[in-house]
Amino acid sequence: MNYHVNPRRERKIEQERIEKERMRRLMAEDEEGYRKFIDQKKDKRLAFLLSQTAKYISILTTMVKQHKVDWKKKKKKKKKKKDGKEQRKRSRKRMVLKNGHFQHQDTDCEAHDCRVTVYETAFGKMIAGDDAPVLRDLFNYVISEDEDDNSDEKKKKKATQSIHRNICTR
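Residue numbers (our numbering): 1067 to 1236.
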């Protein structure tokens, strides 16, 4: 096997020597030809580097596109999850308001911290958003508006009745 390797190596060394000698002669005889030859070699290298760069950029582009798609999917999934939580929270709020058990709400209940849209019969306006009372404070909110009654029993009864009439469940 070494017999076949040595002649190949010798041929390769001989070709390199011939190429170097040719380059020296070309440089000595024809400087302009030598420069063209060098430019051709550089062009080949540049072409190779440019092709490698183009491949790299195309790979990066596909990776970025894939990342965007994955990111949008994750964002959509999070939004669905968030919307689901909001929907459950709203439905619990509606259920609590319809049942009328808002006085004795568990503090761990999600609906406990929800704002409740209320219609003020005295002024004829809706209170919603950040101005609206929180569910846990709803009973006290209604009682504070009806302070003209004397007895506590009447206050509670009237407050409960007015809450049932005035709450807008959306």
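A virtual CB, placed ideally from N, CA and C, is assigned to each residue, including glycine.
Source: prediction; values computed, not measured.
If you follow the beta strand (DSSP E) that residue i is in, where does it begin and where does it stop?
i           : result
valine 1184 : 1184-1186
For residue i, which residues from the same chain have a beta carbon less than 6 Å from its beta carbon, with the 5 sequence-adjacent residues on both sides left out?
i               : result
methionine 1192 : Tyr1185
Within a Cβ cutoff of 8 Å, which residues of the same chain sit near residue i, ignoring the five residues on either side of it in sequence?
i            : result
lysine 1143  : none
leucine 1181 : One point to set straight first is that residue 1181 is arginine, not leucine, in the sequence displayed. Excluding sequence neighbours, arginine 1181 sits near Ala1194, Gly1195, Asp1196, Ala1198, Pro1199, Val1200, Leu1201.
In this structure, what does DSSP give as the bridge partners for residue i?
i               : result
methionine 1192 : Tyr1185
valine 1200     : Arg1181
By Cβ distance, which residues of its chain are closer than 7 Å to residue i, with the 5 residues on each side in sequence left out?
i              : result
aspartate 1092 : In the sequence under discussion, the amino acid at residue 1092 is leucine, which differs from the aspartate named in the question. So the qualifying residues of the chain are Gly1099, Tyr1100, Phe1103.
DSSP three-state label for residue i, please.
i              : result
aspartate 1136 : helix
aspartate 1096 : coil
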